[in-house]
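Written out below as C-alpha cells is the structure these notes cover.
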Amino acid sequence: MIPSVLPTYNRAPLEFVKGEGAWLIAADGRRFLDLGSGIAVNALGHAHPALVDALTAQAQNLWHVSNLYHIPQQQALADKLVEHTFADTVFFTNSGTEACELAVKMARKYFYDKDQPERVEIITFDGSFHGRSSAGIAAAGSEKMTKGFGPLLPGFVHLAFGDLDGVTNAISETTAAIMIEPVQGEGGIRVVPDAELKALRQICDENGLLLILDEVQCGVGRTGKLFAHEWAGVAPDIMMVAKGIGGGFPLGAVLATEEAASGMTAGTHGSTYGGNPLGCAVGCAVMDHVADPDFLAEVNRKAGLLRQKLEGLSADHPEIFEEVRGSGLMLGLKCKAANIDVVNAGYDNALITVPAADNVIRLLPPLTLTDEDIAEAVNRLDKTAAQIESA
-1 MIPSVLPTYN RAPLEFVKGE GAWLIAADGR RFLDLGSGIA VNALGHAHPA LVDALTAQAQ
59 NLWHVSNLYH IPQQQALADK LVEHTFADTV FFTNSGTEAC ELAVKMARKY FYDKDQPERV
119 EIITFDGSFH GRSSAGIAAA GSEKMTKGFG PLLPGFVHLA FGDLDGVTNA ISETTAAIMI
179 EPVQGEGGIR VVPDAELKAL RQICDENGLL LILDEVQCGV GRTGKLFAHE WAGVAPDIMM
239 VAKGIGGGFP LGAVLATEEA ASGMTAGTHG STYGGNPLGC AVGCAVMDHV ADPDFLAEVN
299 RKAGLLRQKL EGLSADHPEI FEEVRGSGLM LGLKCKAANI DVVNAGYDNA LITVPAADNV
359 IRLLPPLTLT DEDIAEAVNR LDKTAAQIES A
C-alpha cells in the first residue's frame, strides 16, 4: 500500500524536533551538528532570534492578502534587494523552481517584444540543477531528472561544464540566453572560475544575449559575497534567488535589470502566495543581517578557517577524501569512499552533511556557525572517516 506521504524521497531514519543555531535536536534527544542547513536554506541557523521576532510580529498582524493588493513588506524587501544588487526590479516566488520558470519566461518574452520571436533557446551546462519543474528538468537535461517525464520542454542547448568554445559554437539566430550557476551545488560543488564568468558576460554582450545566473544555492552570503557572481566583478541580466533569502521560510525571487524585465507587464506572470507579508517580513530580517559587510567579512573568516581544517582532514584520511572544493561556506569534500557511506557514517557521529554528484559531500553550514562549531565539525568528520577506515 502506498504511504500517505508520496514516497519520492529516500529519507534518512532521523526525525528532528528542535533547532538551535547550527544544531538540530532529534526526537530521541541526540544533538546533531548541522552542516546541511536544510540544503543551504537556514542561512542564519535554526531559530535565529531576529527571524523568530520578525515572523512572530508579522503573524500577529497579517499573513496573506494575495498580490491583488500592495504589500508593504514586499516593497521593503524588493527595495533592499535593488539597493544591494545589480537589479532594478524583483518578482517574488515561493521557491527556486518557480524562479527558474519566470527566468525562462522573462528571457523569451524579452526577445518576443523585440520582434525576435525565434530567439527562444537557452544554453545550459551539464551538472546543473534548476529545479524539478518541466522547465527546470529540461534545462538541466540529465537522464536522472528527465527519464519518464517526456516530452521535454524544448528550447535548451546542453553543453559540457567549462566548455567556453562550445558556447561560442552553440550560439545561433535562435539563442536567447545563457543560464548557469556560479557554483554548482547538486552537481558536486563545482565553482565556475571568475575568468569564465567574465567570458560568458562578454559573449552575451557581443551577441546580444541575456545572462541568467542561478544563485538559488550559492547566493545570499553563502560564498562570502552577498551573491557569488560578485567575486568575478560581473553582473547578470536576470538572477534566480531562493533558499537562504527566507532563512527557512519558503521564499524565492527573480531579480532583473529594467531592460531584461521590459516584457513582463501586467498579466504576464503571477503568484498567489509569492511575496506575502509573512515571507517578506522574514526576508527583510535576513537581508538586514546578510547584506552587512561585517557579517560577510565574518563569513569569509570562518570559511577560511573551516577550509584550512578540511584540507588537513583530507590529508589525514587520503583513503576517504580526495579533494576540498568550493567557495566560502559552500564547500565540498570529494570522496574516494562512496559519498553516501560518508553521509551515513556521519549520522552515527551526530553530524549532518549532504550528498551531491561527482561523489561529493556538501558542507553548507549556517553562516552563523561559531569557531567552536567548526572545530567540532572537523572532529566529527575525523571520527566519521576513521569509522569507515576501520569498517
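The sequence shown finishes on residue 389 if you use the numbering used here, and the numbering steps up by one all the way, no holes. Backbone N, C-alpha and C define an ideal beta-carbon position, used for all residues, glycine too.
| Asked | Found |
| --- | --- |
| Whole beta strand (DSSP E) elements within the region 25 to 80, 3-residue minimum | 29 to 32 |
| Proximity below 9 Å, CB of VAL189 to CB of GLN200 | no |
| Coarse secondary structure for GLU119, derived from DSSP in three states | strand |
| Pick from LEU162, ILE178, GLU317, ALA251 that is closest to ALA97, judged by C-alpha positions | ALA251 |
| Euclidean distance between Cα positions of MET262 and GLY219 | 28 Å |
| Euclidean distance between Cα positions of LEU75 and CYS282 | 5 Å |
| Opposing strand residues paired with MET177 [DSSP bridges] | ILE210 |
| Of the listed residues PRO191, PHE293, VAL155, VAL288, nearest to SER325 (C-alpha basis) | PRO191 |
| Assumed close pair LEU198, ILE169 - CB separation to whole angstroms, cut-off 8 Å | With a Cβ gap of about 11 Å, LEU198 and ILE169 do not count as contacting. |
| Integer Cβ distance of GLY272 from ASN40, believed to fall under 8 Å | Rounded, the Cβ-Cβ distance is 21 Å, inconsistent with contact. |
| Extent of the continuous beta strand (DSSP E) to which SER325 belongs | 319 to 325 |
| Beta bridge counterpart(s) of THR266 as assigned by DSSP | According to DSSP, which records beta bridges pairwise, THR266 is partnered with nothing at all. |
| N-terminal and C-terminal residue of the alpha helix (DSSP H) that HIS287 is part of | 275 to 288 |
| Burial state of ARG28 (16 or more Cβ within 10 Å) | exposed |
| For MET143: DSSP bridge partner residues | None; MET143 has no bridge partner. |
| C-alpha distance - LEU100 paired with PRO152, whole-angstrom precision | 16 Å |
| Nearest to GLU119 (by Cα), restricted to the options VAL340, TYR110, PHE225, GLY125 | TYR110 |
| Spatial distance of SER132 from GLY146 (CA atoms) | 12 Å |
| Cβ-heavy atom distance, ASN337 to the ligand GDP, below 8 Å | The ligand GDP is not part of the structure shown, which contains no ligands of any sort. |
| Given 8 Å, three or more beta-carbon pairs between the region 322 to 340 and the region 356 to 369 | yes |
| C-alpha distance - ASP235 paired with PRO47, whole-angstrom precision | 35 Å |
| For VAL3, three-class secondary structure by DSSP | coil |
| Proximity to ASN347 [Cα-Cα], best of ALA259, ALA230, PHE30 | PHE30 |
| Residues bridged to PHE90 (per DSSP) | ALA251 |
| Boundaries (first-last residue) of the beta strand (DSSP E) holding LYS332 | 328 to 333 |
| CA-to-CA distance, THR6 to MET(-1), given in whole angstroms | 14 Å |
| Residue from ALA336, ALA105, GLU141, GLY302 with nearest C-alpha to HIS267 | ALA105 |
| Host alpha helix (DSSP H) of LEU362 (start-end) | Premise fails: LEU362 is in no alpha helix (DSSP H) and is neither H nor E. |
| Own chain partners of ASP356 with C-beta closer than 6 Å, once the 5 adjacent residues on each side are dropped | GLY186 |
| Residues sharing a beta bridge with GLN182, DSSP | ARG188 |
| Alpha-carbon to alpha-carbon, GLU184 and ALA233 | 23 Å |
| Under the three-state DSSP convention, the category HIS227 falls into | helix |
| Own chain, CB closer than 8 Å to ASN92, minus 5 neighbours either side, in chain order | PRO248, LEU249, GLY250, SER269, TYR271, GLY272, GLY277 |
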